[in-house]
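Residue numbers (our numbering): 30 to 499.
Ideal Cβ placement from N, Cα and C applies to all residues, glycine included.
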Ligand code: SAM
Ligand code: SF4
């Protein structure tokens, strides 16, 4: 038997890349690859890239420089190291990578990971292999499922991609070009995947997609299912106690999703709903297809359905032509909504997008200054939201042992990390936890109830299923 080959994957960017990296490991495992955290040991290093902002793709080229040195060092020791580039930079700049970085053997776009074994074989034969087509077949139908021990090792919380690509064409965004048209996976396959994850210890699933609430997959009943229907069905899978979804678009909200927050206890009351700007003029220039008022109404619909719901968002500052007045409208919207947290980015022109043609740029100084003001406001809202937890007893899903000996870390419904001193036997369980203090972004507390299986508060799961190795 051949000795196992070692595989190291470094992922950049969004949650979809985290999930894709796991599926690449699953695809290469039957080829004799085992994962290593150390690129120096690896026989194959895959950079799973992100193209959403300029710095992200520049990071890839500087990482390739470092990997070239590792590859040369491996060669001096008589060992061969292959380097592959996957993800959205691979999709957008495939031939440029081949040209600019001769050290790369394989370039593979996000829709072709299931072809990795044959691309590696082709590179072995021809020196290099590139695949950035959007193949007609559904890659998910070809990716092998992870083994039970792999699922357990990945922990109690898992991502599952249910939708890929985007048809919205916001003028600043590369996603429609790198991930292709919007496609939903059939609901039956998602149900099977979540069932298998739950059977092997997963308790929380985050459904992911570039526009996850545009989901419209074929259901087992032959009808088209929307996200709300899918959430209802997944909540019935034994062992699943928490469901989340990300990222949603304000245009694609429908009543079944809003109602799922009211009717399905497993659906967590925390929604990431990016708005990008509070200025209607800029929202139109971004082709967001919604106004600031549409967004406020969307938030109101959620709040009417679920009182304890909280929100996060994405913002872009310095979109071409943004004035101080536009920016003030963004600050006003943030103040009005009150977020539990949010991501904010400086606008970065992406080649091939309509906004990259716009000439009226906001100066770098103005962008920095606006970003700092926006982040200060968001930080103050986030701190207030976190502080308000002190003294409350909240449900925490415990995920793993923390760095501090004896401490176990989990997450609240709002994804805040929460630490308690307890036995690792609580990993995989949802337990009421009294929050006592706040350390930066982490909550510190103690278990409010004795460590007993009956203390599982969200939807019941059997005690032996709730125990996971820490
Ligand atoms: N589909 C989601 C939506 O509609 O909001 C967002 C997906 S995108 C991968 C994540 C975030 O990256 C966006 O919400 C936006 O704030 C940011 N982003 C995308 N393109 C950008 C650009 N050219 N410059 C700066 N930020 C950008
Ligand atoms: Fe990009 Fe807009 Fe699609 Fe979101 S909705 S992925 S920002 S094009």
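Item	Value
Rounded to whole angstroms, what's the CA-CA distance from residue 58 to residue 343? Just pull it up for me.	36 Å
Just to confirm, does residue 316 get its C-beta within under 8 Å of one of the non-hydrogen atoms of the ligand SAM?	no
Between 96, 110 and 210, which has its C-alpha nearest residue 193's C-alpha?	210
From the DSSP output, read off the bridge partner residues of residue 34.	62
Note down, in chain order, each residue of its chain lying with its Cβ closer than 6 Å to the Cβ of residue 483, except the 5 sequence neighbours on either side.	Note that residue 483 has pLDDT 44, beneath the 50 cutoff, so the model's placement of it is unreliable and the number below is only indicative. Excluding sequence neighbours, residue 483 sits near nothing in its chain.
Which first and last residues belong to the beta strand (DSSP E) in which residue 474 is found?	471-476
Give me the residue from 322, 243, 252 and 309 with the minimum Cα distance to residue 284.	243
Please determine, among 233, 431 and 257, the residue with the shortest C-alpha to C-alpha distance to residue 181.	233
Since residue 256 is in the alpha helix (DSSP H), which residue starts that stretch and which ends it?	256-264
Need the endpoints of the alpha helix (DSSP H) that residue 123 sits in, please.	116-129
Throw me the rounded Cβ distance for the residue 173 and residue 56 pair, which I believe falls under 8 Å.	6 Å
Determine, using beta-carbon pairs with one atom in the stretch 212-230 and one in the stretch 260-277, whether at least three such pairs fall under 8 Å.	yes
Is it the case that the Cβ atoms of residue 432 and residue 185 are separated by a distance below 9 Å?	no
Just verifying my parser: in three-state terms, what is the DSSP assignment at residue 43?	coil
Could you check if residue 114 is buried or exposed, using at least 16 other CB atoms within 10 Å of its CB as the buried criterion?	buried
Can you list the alpha helix (DSSP H) stretches of 4 or more residues lying completely in the stretch 161-193, in chain order?	168-171 and 177-183
The ligand SAM and residue 300: does the residue's C-beta get closer than 8 Å to at least one heavy atom of that ligand?	no
Mind listing, in chain order, the residues whose beta carbon lies closer than 6 Å to a non-hydrogen atom of the ligand SF4?	195, 197, 198, 199, 202, 204, 205, 239, 240 and 278
Near residue 164, which residues of its chain fall below 7 Å by C-beta distance, leaving aside the five closest residues on each side in sequence?	140 and 141
Please classify residue 230: is it buried, with 16 or more other beta-carbons within 10 angstroms of its beta-carbon, or exposed?	buried
For residue 50, which residues of its own chain have a beta-carbon under 6 Å away from its beta-carbon, when the five flanking residues on both sides are left out?	38, 40 and 77
So who's on the other strand from residue 402, going by DSSP bridges?	DSSP output for residue 402 lists no bridge partner at all.
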